[in-house]
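For what it's worth, our numbering labels the leading residue of the sequence shown as -14, then goes sequentially. Think of the CB as a built atom: it goes at the ideal place given N, C-alpha and C, for glycine as much as any other residue. Just so it is clear, the structure is predicted and the values come from calculations on it, not from any experiment. Structure first, then comments.
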Amino acid sequence: MFKWLQTSLFGPKEETHEPAHAVKAIRPASRKAPLKTASSSLPGAFLDRWKSLVSQGDIEIVPVPRLRQGWRLEWRRGDQARLRVPAAILTAPDEILGALAAWARLVMNSRGKAKSAAAQKERSAARQALEKTLHAWLDQHAARDPRTRTLARARAERRLDRLESQGKHHDLQAIFDAVNREYFAGALEARITWSKRWGGLSTQSHAKDAEGNRYNLITISRGYDSALASAEMVGGVVYHECLHIAVPPKEGAREGEGRRVVHGREFRRREREYRFYEAWRLWHAKVLPGIVRRGAPRDGRRG
Ligand SMILES: [Zn+2]
């Protein structure tokens, strides 16, 4: 599992993650097509447990093998609701199944507007607490599950295989090593790769290797792999992304504000220590956009 912290140079700052779960309300317009009823191949013992936990028998549970972390509720008023869940849920204790049933009920009941802001707040707090319980159990289960572990390992290995630091014009590894030596006493640990796409952003993120160890990953926009870029200009963006590791983002000053300060005062101060800082900023603002706009160089016409 990767948690991406995207700190792009000038692009939007955002944390990307998959939605944890989804609620899908089926519009009344599609009323004619009834939800297909259960091809219930679930073990009877499980169904008995589920029925005893769901106060009314109107929520059908459907295990989906490819689901791991999320779940999804589909329903239409007056019809049977369908809850798609990771297959692992079948092995969950009553406490977890109960939380799942309570979550579904809460979502179905909170369709209308709450009577007051306080009631609304209470409702979403209850829902969040249930989601937390469910996520905790699913995470724990995934950590124990050998198949999930194997999949994660294979994914991590594929990811490492795809890292590519040698470009057409520049070797990112050599540039990274030089920047690391000069500005970080060689102490910065990170892997570096060109972005897969031509117009890709330069980012700093984290990934895990096949052994589950977290590593820093720096991705540099392919636009820099150009004959128009000197090694010093590539070094500017490499240094900028390295700095994100050395000067990690800070949470917003005010509690609960949630804003991350990515390019704070300390970051900007250190950034200016780069020997070619002014030239690099200028290059990044004036030359790079044109390179990116002209598009990836074709064979024989390399940009
Ligand atoms: Zn940045």
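Review point. Taking all protein chains shown into account, do 16 or more other C-beta atoms lie within 10 angstroms of the C-beta of residue 72, making it buried, or fewer, making it exposed?
Key: Along the sequence shown, read from residue 1 onward, the residue named residue 72 stands at position 87. Under this definition residue 72 is an exposed residue.
Practice item. Confirm, please, whether the CB-CB distance from residue 195 to residue 202 is below 7 angstroms. Key: Reading the sequence shown from its first residue, position 217 is the one you call residue 202. Reading the sequence shown from its first residue, position 210 is the one you call residue 195. No. Outside cutoff.
Exercise for review: In the DSSP assignment, find the unbroken alpha helix (DSSP H) run with residue 125 in it and report its ends.
Suggested key: If you number the sequence shown from 1, residue 125 lands on position 140. Its alpha helix (DSSP H) spans residues 102 to 129.
Review point. Cα separation between residue 289 and residue 251?
Key: No answer is possible for residue 289: the residues shown for the chain start at -14 and end at 288.
Check your understanding: Roughly how many angstroms lie between the CA atoms of residue 91 and residue 228, to the nearest whole one?
Key -> Here the question's residue 91 lines up with position 106 in the sequence shown. Here the question's residue 228 lines up with position 243 in the sequence shown. So the two alpha carbons sit approximately 45 angstroms from each other.
Review point. Roughly how many angstroms separate the alpha carbons of residue 112 and residue 68, rounded to a whole number?
Key: The count along the sequence shown starts at 1 and reaches residue 112 at position 127. The count along the sequence shown starts at 1 and reaches residue 68 at position 83. So the two alpha carbons sit approximately 16 angstroms from each other.
Review point. Of the choices 223, 215, 186, whose alpha-carbon is the least far from that of residue 297?
Key: This structure cannot speak to residue 297, because the chain is shown only from -14 to 288.
Check your understanding: So, using beta-carbon positions, are residue 104 and residue 58 closer together than 7 angstroms?
Key -> Locating residue 104 in the sequence shown gives position 119, counting from the first residue. Locating residue 58 in the sequence shown gives position 73, counting from the first residue. No, Cβ-Cβ distance for residue 104 and residue 58 is not below 7 angstroms.
Check your understanding: With a CB to CB cut of under 6 angstroms and the five nearest residues on each side skipped, what residues in its chain are close to residue 199?
Key -> In the sequence shown, residue 199 corresponds to position 214, counting from 1. Answer for residue 199: 191, 193, listed in chain order.
Exercise for review: Look at the alpha carbon of residue 93 and the alpha carbon of residue 60, and state the distance between them as a whole number of angstroms.
Suggested key: Counted from its first residue, the sequence shown places residue 93 at position 108. Counted from its first residue, the sequence shown places residue 60 at position 75. Computed Cα separation, rounded: 8 angstroms.
Practice item. Give me whichever residues DSSP pairs with residue 173 in a beta bridge. Key: Here residue 173 refers to the residue found at position 188 when the sequence shown is read from its first residue. None; residue 173 has no bridge partner.
Exercise for review: From the DSSP output, in three-state form, read off residue 219 for me.
Suggested key: Counted from its first residue, the sequence shown places residue 219 at position 234. Of the three classes helix, strand and coil, the one that applies to residue 219 here is helix, per DSSP.
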